[in-house]
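Residue numbers (full-length UniProt numbering): 1 to 132. Just so you know, even glycine gets a beta-carbon here, dropped at the ideal spot from N, CA and C. Reviewing the structure listed below.
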């Protein structure tokens, strides 16, 4: 990712700045406690979180109109939670920096359907993410 974000910098500066950014991010994640878990534990947490969100959306979809969008908290109108969740789902679908998260989200069809319905209703002029 360093080559994309820091592309305008000369190569030696890119290496140094990239290392500084990496070190700062590492310290932040360690301070939060995220990096205190093993890679396997973090993967399990990630999968469980997406599966729980998927289950919540499945329940919401069953209680809604099948044609239009359905909302994460139920109800007739979207909330801030829907905007946030849509952003996270689309981010996971388009970002290649974390293929594990992308695979999890693509493997949960209700999440992808949720994002498709919101995109089709509110953002039809924007390009859709790649369907792999």
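- Cβ atoms of residue 79 and residue 92 stay farther apart than 8 Å, at about 20 Å.
- A residue is called buried when at least 16 other Cβ atoms come within 10 angstroms of its Cβ; residue 108 meets this threshold and is buried.
- Residue 114 and residue 13 have their C-alpha atoms some 42 Å from each other.
- In terms of Cβ geometry, residue 35 and residue 29 form a close pair [threshold 8 Å].
- One Cα belongs to residue 75, the other to residue 85, and the distance between them is close to 16 Å.
- Only buried fits residue 111, as 16 or more other CB atoms lie within 10 angstroms of its CB.
- Residue 9 and residue 127 have their C-alpha atoms roughly 30 Å apart.
- One thing to note: residue 117 has its Cβ within 8 Å of the Cβ of residue 68.
- In this structure, residue 83 sits away from residue 73, with a CB-CB distance that is not shorter than 8 Å.
- For residue 22, the enclosing alpha helix (DSSP H) covers residues 11-32.
- Inter-residue distance for residue 15 and residue 97 is about 18 Å (C-alpha atoms, whole angstroms).
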